[in-house]
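Here is the structure we will look at, set down as structure tokens.
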């Protein structure tokens with residue numbers, strides 16, 4: 134089972150905003166995020182035979198979507214590039230505290246993808262899920 138990462142979608146006000154931002158960056162070239170250090174467990178994230186992990190996005194304290202991780206590379210200034218697929222895969226909303234940088238997410242703890250024919254509205258809206266989580270109800 135591949136290992137995943139979580140990251141706050143800094144500056145994204147909604148899932149649509151994040152999707153638009155990633156599509157625009159994808160039109161300009163490869164989409165990647167930079168980080169200071171290569172994750173120690175990067176080989177588990179990339180996986181083998183195309184069964185790699187994903188970067189799960191946090192918006193308003195909720196995991197809402199994922200971007201498959203395509204690999205790691207070098208970026209300017211000695212930083213590391215995390216190459217991702219610009220197409221978002223919607224997931225079931227799951228409460229998640231915000232954090233700086235990225236964190237590991239085991240495959241067993243990752244939210245399920247929304248099934249075929251489902252839309253993000255079929256699950257609890259992220260704003261409501263965040264409020265229920267803050268109240269300790271979910």
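Numbering (the numbering used here), first residue to last: 134 to 271.
We put the beta carbon where it would ideally sit given N, CA and C, even for glycine.
By Cβ distance below 7 Å, which residues in the same chain neighbour residue 175 in space, the five residues on each side in sequence not counted?
205, listed in sequence order.
Quick check on the DSSP output: the alpha helix (DSSP H) that includes residue 156 runs from which residue to which?
Unbroken alpha helix (DSSP H) run through residue 156: 148-161.
Beta-carbon separation of residue 171 and residue 213 under 8 Å?
Yes. Within cutoff.
Closest to residue 173 by C-alpha separation, out of 158, 198 and 138, would be which residue?
It is 138.
Can you tell me where the alpha helix (DSSP H) with residue 141 in it begins and where it stops?
Element bounds for residue 141: not the alpha helix (DSSP H) but the beta strand (DSSP E), 137-141.
Please report the distance separating the alpha-carbon of residue 272 from that of residue 194.
This structure does not reach residue 272, given that the chain is present from 134 up to 271, and the question cannot be answered.
May I ask which residues mark the beginning and end of the alpha helix (DSSP H) holding residue 164?
That residue, residue 164, is in no alpha helix (DSSP H); it is neither H nor E in DSSP.
Jot down the residue ranges of each uninterrupted beta strand (DSSP E) in the segment 202-230, minimum 3 residues, whole runs only, in chain order.
For the segment 202-230, whole beta strand (DSSP E) runs of length 3 or above, ordered along the chain, are 213-217 and 222-228.
For residue 221 versus residue 155, is the C-beta distance shorter than 8 Å?
Yes, these two residues count as a Cβ contact at 8 Å.
Since residue 246 sits in a beta bridge, which residues does DSSP pair it with?
According to DSSP, residue 246 bridges with 224.
For residue 239 and residue 179, what's the separation of their Cα atoms in angstroms?
Going by the C-alpha atoms only, they are around 13 Å apart.
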